[in-house]
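Only one structure is covered here, and it is reproduced in the block below.
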Amino acid sequence: MKPMLSLIFSFFLFILITNLSLALSNEAVEQVLDSLGNPIFPGGKYYIFPVSHDETYGGGLRLAKTGDSKCEVTALQDDNIVTESIPVKFSIPGISPGIIFTGTPIEIEFTKKPSCVESSKWLIFVDDVIQKACVGIGGPENYPHFKTLNDGRFYIEKHESGFGYKLGYCVKDSPTCLDIGRSGNVTEEGGFRLNLTHQVAYAVEFIDVTPFEARIKSVV
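Using mature numbering (1 follows the signal peptide of the UniProt record, and there is no 0), the letters of the sequence shown correspond one by one to residues -23 to -1, 1 to 197.
Written as structure tokens, this is what we have:
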């Protein structure tokens, strides 16, 4: 009887280990890298650009006035590749190892902001006019007519295309997590808004500011 019990136990142990291995492989995480293949770290400054540098894909990120806003609080991906972009910094809330992996809950902020807003940290505001949840900065006071979400967390994942990364946002105390895509009236606003989507995510890469600006200066 004992050999039979041992055999049954071994069988179930094999099934458990196999399923656990499959689960771990399906949820594998990896360190997020910049465009040069170096790990990105909290506090570093990075430009966020589309994976393709073709002019049809536009340039980096900037802030703009949209709708009836009196302040540049809406994040746009510029439609002009040569327009000066604003870098971002990443931070990991709470105690962390200081390493950003795919799926790590993070906060994102621009390194520059207009004087009409207190915080440069990213948040989500729901624009009822265009019926989209968009990325912006500031606080509820900057969006008197819209609902804001500023207590959730952003994250970075590999893009489904196999090229670059995608950004996403998870609502606090909710299983709801959505990718960040692009939309908007490019002609009117001068760029694409970043908005939550369950469709095509915006494929991006992270360019370290220091070596990038050093290369620019070397050719000027």
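We treat Cβ as the ideally placed atom computed from N, Cα and C, and that holds for glycine.
Does the contact criterion of 3 or more C-beta pairs under 8 Å hold for the region 70 to 84 versus the region 34 to 42?
no
Label residue 122 either buried or exposed according to how many other C-beta atoms from any shown protein chain fall within 10 Å of its C-beta, with 16 as the threshold for buried.
Stepping through the sequence shown from its first residue, residue 122 is reached at position 145. Residue 122 should be labelled exposed.
Using the Cβ count rule (16 or more neighbours within 10 Å means buried), how would you classify residue 48?
Within the sequence shown, numbered from 1, the residue matching residue 48 stands at position 71. Buried is the call here.
If you follow the beta strand (DSSP E) that residue 41 is in, where does it begin and where does it stop?
Within the sequence shown, the letter at position 64 stands for residue 41. First-last of the beta strand (DSSP E) with residue 41: 38 to 41.
Near residue 171, what residues of its chain come up, given a Cβ to Cβ distance below 6 Å and the 5 sequence neighbours on each side ignored?
Numbered from 1 along the sequence shown, position 194 holds the residue referred to as residue 171. Contacts found: 52, 112 and 157.
Taking just the CA atoms, how far does residue 74 sit from residue 19?
For this step, residue 19 is matched to residue 42 along the sequence shown. For this step, residue 74 is matched to residue 97 along the sequence shown. Whole-angstrom Cα-Cα distance: 10 Å.
List the endpoints of the continuous beta strand (DSSP E) containing residue 25.
Reading the sequence shown from its first residue, position 48 is the one you call residue 25. Here the beta strand (DSSP E) through residue 25 covers 22 to 27.
Would residue 43 be called buried (16 or more neighbouring beta carbons within 10 Å of its own) or exposed?
The sequence position of residue 43 within the sequence shown is 66, counting from 1. Flag for residue 43 reads buried.
Separation of residue 142 from residue 175, as counted between CA atoms:
Taking the first residue of the sequence shown as 1, we reach residue 175 at position 198. Taking the first residue of the sequence shown as 1, we reach residue 142 at position 165. Roughly 16 Å between the two C-alpha positions.
What would DSSP say about residue 117, mapped onto helix, strand or coil?
On the sequence shown, residue 117 is found 140 positions in, with the first residue counted as 1. In this structure, residue 117 counts as helix in the three-state DSSP scheme.
In terms of DSSP beta bridges, what is residue 111 paired with?
Locating residue 111 in the sequence shown gives position 134, counting from the first residue. In DSSP, residue 111 forms a bridge with 102 and 172.
N- and C-terminal bounds of the beta strand (DSSP E) containing residue 160:
Here residue 160 refers to the residue found at position 183 when the sequence shown is read from its first residue. Where residue 160 is concerned, the enclosing beta strand (DSSP E) stretches over 154 to 160.
Cα-Cα separation, residue -2 to residue 138
If you number the sequence shown from 1, residue -2 lands on position 22. If you number the sequence shown from 1, residue 138 lands on position 161. Note on residue -2: pLDDT 34, under 50, position unreliable in the model; no value is reported.
From 166, 22 and 177, pick the residue whose C-alpha is nearest to that of residue 88; which is it?
Within the sequence shown, residue 88 is the residue found at index 111, counting from 1. Comparing Cα-Cα distances from residue 88 to each of 166, 22 and 177, the minimum goes to 22.
Three-state secondary structure assigned by DSSP to residue 16:
As a first step, residue 16 is located in the sequence shown; it is residue number 39 there, counting from the start. It is a strand residue.
Near residue 77, which residues of its chain fall below 8 Å by C-beta distance, leaving aside the five closest residues on each side in sequence?
Walking along the sequence shown from the start, residue 77 turns up at place 100. Here the set comprises 8, 9, 16, 17, 18, 19, 67, 69, 83 and 133.
Taking the C-alpha atoms as reference points, what is the distance between residue 177 and residue 109?
The count along the sequence shown starts at 1 and reaches residue 177 at position 200. The count along the sequence shown starts at 1 and reaches residue 109 at position 132. Going from the Cα of residue 177 to the Cα of residue 109 covers about 14 Å.
I need the DSSP call for residue 185, collapsed to helix, strand or coil.
Locating residue 185 in the sequence shown gives position 208, counting from the first residue. It is a strand residue.
Taking the Cβ atom as the reference point for each residue, do residue 25 and residue 148 lie within a distance shorter than 7 Å?
Translated into positions along the sequence shown, residue 25 becomes position 48. Translated into positions along the sequence shown, residue 148 becomes position 171. In this structure, residue 148 does not lie closer than 7 Å to residue 25 by Cβ.
Who does residue 133 pair with in a DSSP beta bridge?
As a first step, residue 133 is located in the sequence shown; it is residue number 156 there, counting from the start. 144, per the DSSP bridge assignment.
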